[in-house]
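Residue numbers (the numbering used here), protein chains in the order written: chain A, 335 to 746; chain B, 335 to 746. Think of the CB as a built atom: it goes at the ideal place given N, C-alpha and C, for glycine as much as any other residue. All remarks here apply to the structure that follows.
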């Protein structure tokens with residue numbers, strides 16, 4: 335008998351029929367002897383409806399009250415699912431973030447989970463009930479309702495799985511797992527049955543939208559296996575992706591997948607003094623403006639000056655440019671420039687750790703296609719490049735082929 | 335400086351524009367130096383939308399989960415109103431029943447308020463904030479969300495007014511107060527500027543839909559003045575009805591109003607032994623079936639037998655008839671019969687206490703119109719009769735004229 339946490343997203347509980355289908359699935363696990371904790375999102379469309387009401391009143395209004403409004407979405411779903419389970423003769427009880435309680439800090443609309451009181455959930459499980467918990471929400475120590483931000487239900491699920499020492503955290507969504515890359519870009523993208531948490535972390539942060547990055551971080555930190563499944567596939571042999579510790583991954587490959595992002599913009603400052611602390615002088619004003627910097631590259635200087643390039647989210651580009659122009663003046667730099675028609679492409683795989691030559695192979699494949707690389711950044715299990723946006727699809731397909739991901743052949 | 339509790343019903347907060355209008359009104363009170371606690375209902379239509387979802391899942395499902403779903407309606411309104419106030423530069427904070435906390439028993443869907451913790455509200459008032467509280471909901475001692483049943487927001491408002499020692503509890507609705515009778519039946523029905531709580535209690539329980547009966551009972555018990563106003567009338571001299579202690583009512587009249595109800599059905603058992611305890615033998619099985627009995631009349635018997643008549647809600651009539659037929663057999667009664675085409679009409683007024691002859695005047699006026707009376711029941715401040723339903727309008731108009739309510743002339 336296992337303890338399983340299941341999380342169902344908005345499309346999985348979009349209407350009464352979907353909620354009843356979820357209840358049927360939960361009951362199936364229950365009937366085979368598992369203890370089940372279910373985390374639900376708001377019915378799809380509901381969060382938008384509530385956000386619309388909020389926006390009509392005051393777009394920039396108090397985050398405390400926004401969270402109070404938004405938290406109702408999950409509260410409705412959880413109670414309806416509980417009723418649907420009881421209707422199917424499966425004892426169940428629902429809890430809000432306050433009722434659990436899921437203690438967070440009081441950073442409204444992006445709160446962080448501080449602690450989870452397992453007491454109510456454990457009593458209910460002992461009482462033979464399925465426990466349903468509202469995702470995305472918590473309560474601060476003053477009793478104020480908080481939310482974790484969009485996608486926060488994944489984080490709720492993983493945090494509960496960790497707190498209750500679950501055997502597995504299942505994330506049900508509208509796709510049946512993680513693919514080697516976006517099938518809309520590469521038709522031959524293949525399903526990944528299992529990958530390492532580190533890989534998922536890089537895939538998620540690079541733009542794969544299947545799992546919320548914070549949830550993966552949390553799972554990574556506490557070694558909680560996550561399984562991604564489709565709530566629309568009821569077959570016994572339905573596909574899924576298990577995201578787990580590196581040593582538990584069945585099939586080890588050199589390159590697990592190709593991730594990409596079109597959301598970046600690049601800024602360069604040229605001819606600045608090559609002295610200690612210069613990076614701080616450039617980046618401090620940027621981060622002071624709450625702009626997140628992604629890739630950073632600094633070239634070794636030759637004439638006592640150096641060049642510095644970094645990327646930000648495309649939405650932050652206009653503000654970042656303004657700031658950089660001021661920095662440029664202050665540092666008497668030669669010039670600063672920017673580019674918004676770029677894209678980032680990354681290859682990810684824990685196998686890279688023990689393989690030399692992956693980068694060379696990557697760059698050669700791209701050069702063969704005449705794709706020019708603007709920036710390169712590497713980590714132990716990832717190589718990211720910045721290229722012109724027009725080359726995004728070609729680069730992705732090229733790398734997907736080069737590392738034989740379509741056929742699952744690039745085994746270690 | 336006064337402390338005022340204001341309650342706004344569903345039509346008063348039906349949409350964003352209405353919520354903003356409520357905020358404007360609240361701010362007006364705030365600006366003139368009053369402390370204001372606001373109790374809100376769900377936006378009109380919302381409770382029906384949620385009930386519909388519940389019904390689709392399981393009509394007879396767990397009341398605990400139903401309450402969890404329904405409580406979200408008020409939670410949304412309270413936070414939106416709080417945001418609207420802050421947007422109008424009026425500091426505000428919202429609290430759910432759990433956050434206040436409004437402690438109730440755990441009779442889901444019809445919970446009773448047991449205690450109110452005034453601490454959070456008082457802190458917020460001292461903090462110069464308008465406090466907005468979700469009506470209709472509370473929390474039991476296990477932390478479960480409860481609701482007070484439809485119309486429960488009135489009860490929340492009065493209970494808060496009592497707990498916080500408010501100067502007045504204002505109930506905003508879509509009418510500007512209480513009328514001598516339903517203006518749809520008697521066009522000349524006149525507005526009542528003030529009446530006694532006892533009178534309102536009788537008017538409310540007799541079918542005047544302006545105030546929730548439990549709220550009036552609560553106000554009566556704790557001597558809390560209630561003012562009924564229209565949230566759609568913004569004029570400075572807008573009409574209102576103050577419901578207050580008998581000694582504080584400005585204008586004392588013999589008959590304050592005519593109330594009526596079409597929801598009743600009459601049952602009669604004829605020829606039963608006229609012995610002690612017979613009423614219990616008849617009514618026990620009825621109340622065991624959770625059927626509420628309204629009027630009860632027993633005639634003095636002549637031949638050692640007696641007749642017994644009572645009324646129940648028309649919805650309960652079929653079940654009550656079945657039960658009574660069994661009782662009829664057990665008691666060897668001559669026969670039992672029933673009638674669903676009846677109506678109840680009552681005249682109400684604290685002035686009756688000191689006036690003889692009101693009943694005679696009432697019966698004569700009805701006799702002059704050839705209206706036959708089936709049952710009569712009297713209390714200190716009310717006389718109720720049961721007549722054929724077809725005579726309801728005529729009887730109401732006749733009594734309204736007879737006691738000169740159109741002109742406000744029947745002063746004591």
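Check your understanding: Ordered along the chain, which non-local residues of its own chain (more than five positions away) have a Cβ less than 7 Å from that of residue 531 of chain B?
Key -> The residues are 550, 553, 554, 577, 578, 579.
Review point. Counting only beta-carbon atoms, is residue 638 of chain B nearer than 8 Å to chain A?
Key: No - not a single Cβ of chain A is within 8 Å of the one on residue 638 of chain B.
**Study point:** Local conformation of residue 600 of chain A per DSSP, three classes
**Key:** Of the three classes helix, strand and coil, the one that applies to residue 600 of chain A here is strand, per DSSP.
Review point. Taking C-alpha atoms, which residue in A:410, A:628, A:370 lies nearest to residue 455 of chain A?
Key: Comparing Cα positions, the closest option is A:370.
Review point. Alpha carbon to alpha carbon, what distance is there between residue 613 of chain A and residue 633 of chain A?
Key: Separation of residue 633 of chain A and residue 613 of chain A (C-alpha to C-alpha, rounded to the nearest whole angstrom) is 12 Å.
Review point. Any chance the segment 401-414 of chain B sits against the segment 466-481 of chain B, with 3 or more Cβ pairs inside 8 Å?
Key: Verdict: yes, contact present.
Check your understanding: Thinking C-beta only, is residue 596 of chain A closer than 8 Å to residue 683 of chain A?
Key -> Their beta carbons are not under 8 Å apart, which means residue 683 of chain A does not touch residue 596 of chain A by this criterion.
Review point. Just the Cα atoms here: how many angstroms apart are residue 346 of chain B and residue 466 of chain B?
Key: Approximately 15 Å between the Cα atoms of the pair.
Review point. Residues in its own chain within less than 6 Å of residue 636 of chain A by CB, not counting five upstream and five downstream?
Key: A distance below 6 Å between beta-carbons, with the five flanking residues on each side excluded, links residue 636 of chain A to no residue of its chain.
Exercise for review: Could you work out which residue in A:470, A:581, A:641 is closest to residue 609 of chain A when comparing CA atoms only?
Suggested key: When each option's Cα is compared against that of residue 609 of chain A, the closest is A:641.
Exercise for review: Kindly indicate which three-state DSSP category residue 340 of chain A falls into: helix, strand or coil?
Suggested key: Correct three-state label for residue 340 of chain A: strand.
**Study point:** Inter-residue spacing [alpha-carbon to alpha-carbon] between residue 563 of chain A and residue 342 of chain A
**Key:** Residue 563 of chain A and residue 342 of chain A: Cα-Cα distance of roughly 10 Å.
Check your understanding: According to DSSP, which residues form a beta bridge with residue 678 of chain B?
Key -> Its beta-bridge partners are B:595, B:720.
Exercise for review: Identify which residue in B:648, B:607, B:657, B:378 has its Cα closest to the Cα of residue 623 of chain B.
Suggested key: The residue among B:648, B:607, B:657, B:378 with its C-alpha nearest the C-alpha of residue 623 of chain B is B:657.
Check your understanding: Under a CB-based cut-off of 8 Å, is residue 399 of chain A close to chain B?
Key -> Residue 399 of chain A counts as touching chain B.
Check your understanding: With a cut-off of 8 Å, does the C-beta of residue 443 of chain B fall near any C-beta of chain A?
Key -> Chain A contact via Cβ: absent.
Practice item. Return helix, strand or coil for residue 746 of chain B, following the three-state DSSP convention. Key: Reliability fails at residue 746 of chain B, whose pLDDT of 38 lies under 50, so the model's placement of it is uncertain and the value that follows must be treated cautiously. The DSSP-derived three-state label of residue 746 of chain B is coil.
Exercise for review: Within 10 angstroms of the Cβ of residue 335 of chain B, are there 16 or more other Cβ atoms? Answer buried if so, exposed if not.
Suggested key: The residue is exposed, with fewer than 16 neighbouring Cβ atoms inside 10 Å.
**Study point:** Members of the segment 343-356 of chain A near chain B, C-beta cut-off 8 Å
**Key:** For chain B, the residues of the segment 343-356 of chain A that bring a beta carbon within less than 8 Å of one of its beta carbons are 350, 353, 354, in chain order.
**Study point:** Three-state secondary structure assigned by DSSP to residue 470 of chain A
**Key:** DSSP, read as helix, strand or coil, puts residue 470 of chain A in coil.
Practice item. Let me know if residue 513 of chain A comes out buried or exposed under the rule of 16 or more other beta-carbons within 10 Å of its beta-carbon. Key: Looking at its Cβ environment, which holds 16 or more other Cβ atoms inside 10 Å, residue 513 of chain A is buried.
Practice item. Show which residues of chain B have a CB atom less than 7 Å away from the CB atom of residue 428 of chain A. Key: At a C-beta separation below 7 Å, residue 428 of chain A has these neighbours in chain B: 399, 402.
Check your understanding: From residue 447 of chain B to residue 561 of chain B, what distance separates their C-alpha atoms?
Key -> Taking the straight line from one Cα to the other gives about 21 Å.
Point to revise | Nearest to residue 730 of chain B (by Cα), restricted to the options B:475, B:569, B:713, B:678 | key: For the residues B:475, B:569, B:713, B:678, the minimum Cα distance to residue 730 of chain B belongs to B:678.
Check your understanding: CA-CA distance, residue 740 of chain B and residue 695 of chain B?
Key -> Cα to Cα, residue 740 of chain B sits roughly 17 Å from residue 695 of chain B.
**Study point:** Neighbour list for residue 417 of chain B in chain A, Cβ cutoff strictly below 9 Å
**Key:** Chain A residues near residue 417 of chain B: 388, 391, 392, 395, 396, 399, 400, 403.
Review point. What are the boundary residues of the beta strand (DSSP E) that residue 639 of chain A is part of?
Key: Judged by DSSP secondary structure, residue 639 of chain A falls within the beta strand (DSSP E) whose first and last residues are 639-647.
Review point. Would the beta-carbon of residue 388 of chain A be found less than 7 Å away from any heavy atom of the ligand SAM?
Key: The ligand SAM is not part of the structure shown, which contains no ligands of any sort.
**Study point:** residue 351 of chain A versus residue 357 of chain A: straight-line alpha-carbon distance, rounded
**Key:** C-alpha separation (whole angstroms): 10 Å.
Check your understanding: Taking C-beta to C-beta, are residue 587 of chain B and residue 472 of chain B nearer than 8 Å?
Key -> Cβ atoms of residue 587 of chain B and residue 472 of chain B: not closer than 8 Å.
Exercise for review: Identify the contact partners of residue 477 of chain A in chain B, using a Cβ-Cβ distance below 7 Å as the criterion.
Suggested key: Against residue 477 of chain A, the close residues of chain B are 433, in the order they occur along the chain (beta-carbon pairs closer than 7 Å).
Exercise for review: Starting from the beta carbon of residue 494 of chain A, find every residue of chain B whose beta carbon is closer than 9 Å, and list them in chain order.
Suggested key: By Cβ distance, chain B contributes nothing, its closest Cβ being about 18 Å from residue 494 of chain A, past 9 Å.
**Study point:** Interfacial residues, the segment 443-475 of chain B to chain A, with Cβ spacing under 7 Å
**Key:** Taking 7 Å as the upper bound on Cβ-Cβ separation, chain A lies near no residue of the segment 443-475 of chain B.
Review point. Since residue 421 of chain A meets chain B, which of its residues come closer than 8 Å, beta carbon to beta carbon?
Key: Those are 391, 392, 395, listed as they occur along chain B.
Review point. Is DSSP giving residue 513 of chain A helix, strand or coil here?
Key: Reduced to three states, the DSSP call for residue 513 of chain A is strand.
Point to revise | As assigned by DSSP and simplified to three states, the class of residue 629 of chain B | key: In the structure shown, residue 629 of chain B sits in a strand (DSSP, three-state: E or B).
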